């Protein structure tokens, strides 16, 4: 068994709603702004739109702290605005995927407000409460993903509640059947409106152990990793199978689970069609290739060998992947994996070729298609990301200089991906007529949609060609993935093969000329299909079995 045909042909464009397009000039992106750009997304070649959380929220974590699952956050619009968006998107054959957070809620959610009052009300067991240790301290040394303890004390109950993320994001108790039924009822609410699927945030974390023991500490940290003994917990698959039985299987939708700290072997259980859980999962192994002593904020540059090893492993071990290099939680891909200076355009294109043409569903984050870059802030107070502020203060406490701490945070903060979309040359880059909630990247006059649309050789136009190739050539959907040159530190190469037909994809990730020799056992070059040096495609330097690559060049060739 395999994914249904329409799911395999899905190409997802992620919209970070706050930063996409402001329609009412309050400085915040909104639903009507997104609706006004549906043609732009469709013209790019995407056919599904994943929208970050639009539910009512205090926005402590930019909407991933939900106060009311069945209400639209007023800053984004109204329920009628969303229903109108659904109708407009469906008329254009675009599917709408909602970002759903069910591992935790906001501490302003009515369930939590009631739960914290006492131990004997109808919501008292909706969250994970534990008694203090005899000395009054936290139940365990488990840490939060955003720093500090994962436990916060509430005097009314004389207990601590668990929050794997910020203390304003208490974790739900999935062991309580009433919690699960409440969530399933809410999911049906949206699916009955016509939503086409869910991206499920942190879904691998929903099943917690009954007992919380102390966990190992690393690098002299005070608290242990938030996911230790949590990720892929004891009842995770039981819960998802129940969710599938009661909700998901009753609708023709797509489901994508975010599964941090999951192995390929474990991921197979989530997506095995015979187990009736999810369609696909987001994994993060390739996102950790530049992690170090301080996790994502470490002063480490990635190595292509490590990136290729991680990506190839998942291509080989999982039948269907989510292919991505960036999203709302990651730095801009051209700044992280490419060259955002001299070779910004070429490296943005070759990175797109590298991940979009692998086997699986491509996920494009807003702005990647025009090569948007990281921020370069000069003051920590310019950042909105609570995770970045915690880590900056942590580095200062570790006696790292303010300049170095800012440099480390600058490169990896999630805010790199959250600056407003760069639409044109106008003030605020056409995102809004007033000052946006977050400053537009200062390079917007050289990097914007209008500029790309005016050029036949732009990053946007190259994305169109890649996505068209994926749609038209069945090899790019159903073909097997075969890696080549697995030890070359500057080239990522692979073959896609179906029924004896083969395409070779060769991507150079360096700023100088390279040679690539096609192995004799894979076939002969018969035709050049695509290059990110488009104007020179007729002059691609291919001699016998040798492909001569320019800096950050990527080519697709047919083999016979």
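Residue numbers (the UniProt record's numbering): 1 to 560. For glycine and all other residues, C-beta sits at the position ideal for the given N, C-alpha and C. Values in this document were obtained by computation on a predicted structure and should not be read as measured data.
For residue i, the residue or residues it bridges with in DSSP
i	result
residue 159	154
residue 497	480, 502
residue 217	Note: residue 217 sits in no beta bridge, so no partner.
residue 291	Answer by DSSP bridge pairing: none, since residue 291 is not bridged.
residue 171	104
residue 461	For residue 461, which the question treats as bridged, DSSP gives no partner whatsoever.
residue 129	161
residue 69	None, per the DSSP bridge assignment.
residue 255	198
residue 327	Paired residue(s): none; residue 327 is not in a bridge.
residue 50	14, 97
residue 491	508
residue 143	149
Start-to-end residues for the beta strand (DSSP E) that takes in residue i
i	result
residue 375	Careful: residue 375 lies outside any beta strand (DSSP E) and carries neither H nor E.
residue 234	Premise fails: residue 234 is in no beta strand (DSSP E) and is neither H nor E.
residue 382	Here residue 382 belongs to no beta strand (DSSP E), and DSSP marks it neither H nor E.
residue 549	546-549
residue 452	Unbroken run through residue 452 is the alpha helix (DSSP H), 449-453; no beta strand (DSSP E).
residue 530	525-531
residue 362	361-365
residue 514	514-517
residue 557	554-559
Continuous alpha helix (DSSP H) stretch holding residue i: start and end
i	result
residue 309	304-317
residue 88	79-91
residue 280	Residue 280 -> not in any alpha helix (DSSP H); beta strand (DSSP E) instead, spanning 280-282.
residue 347	344-356
residue 191	177-191
residue 320	That residue, residue 320, is in no alpha helix (DSSP H); it is neither H nor E in DSSP.
residue 38	38-44
residue 576	Residue 576 is absent from the structure shown; the chain starts at 1 and stops at 560.
residue 111	110-115
residue 34	31-35
residue 264	264-271
residue 336	333-336
residue 8	5-8
Close-in-space but distant-in-sequence residues of the same chain around residue i (CB under 7 Å, 5 per side omitted)
i	result
residue 173	125, 126, 127, 128, 179
residue 390	146, 147
residue 121	114
residue 279	3, 7, 254, 255, 256, 271
residue 550	513, 533
residue 42	92, 94
Same chain only: Cβ atoms within 8 Å of residue i, ignoring 5 sequence neighbours per side
i	result
residue 79	71, 72
residue 298	290, 291, 292, 408
residue 247	184, 187, 188, 191
residue 546	515, 516, 517, 518
residue 60	106, 166, 168, 169, 386
residue 218	224, 225
residue 435	27, 428
Under 9 Å between C-beta atoms of residue i and residue j
i	j	result
residue 253	residue 197	yes
residue 76	residue 28	yes
residue 452	residue 444	no
residue 117	residue 157	yes
residue 200	residue 102	yes
residue 495	residue 481	yes
residue 13	residue 44	yes
residue 508	residue 350	yes
residue 479	residue 313	no
residue 567	residue 284	As shown, the chain starts at 1 and ends at 560. That puts residue 567 outside it, with no answer to give.
residue 336	residue 62	no
residue 465	residue 9	no
residue 346	residue 553	yes
residue 40	residue 144	no
residue 364	residue 54	no
residue 420	residue 20	yes
residue 442	residue 399	no
8 Å contact criterion, which residue i and residue j should meet: CB distance rounded
i	j	result
residue 502	residue 522	7 Å
residue 327	residue 356	With 8 Å as the limit, residue 327 and residue 356 do not qualify as a contact, their Cβ atoms being about 15 Å apart.
residue 229	residue 209	6 Å
residue 318	residue 362	Contact doesn't hold; Cβ gap of about 15 Å is too wide.
residue 437	residue 18	6 Å
residue 371	residue 447	6 Å
residue 140	residue 212	4 Å
residue 82	residue 31	6 Å
residue 526	residue 560	4 Å
residue 288	residue 307	Not confirmed; about 10 Å, so no contact.
Neighbourhood of residue i by C-beta distance below 6 Å, restricted to the same chain and skipping five residues each side
i	result
residue 392	380, 405, 409
residue 555	506, 531
residue 414	329, 385
Neighbour flag for residue i against chain D, beta carbons, 9 Å
i	result
residue 203	Looking at the structure shown, chain D is missing, and only one protein chain is on hand.
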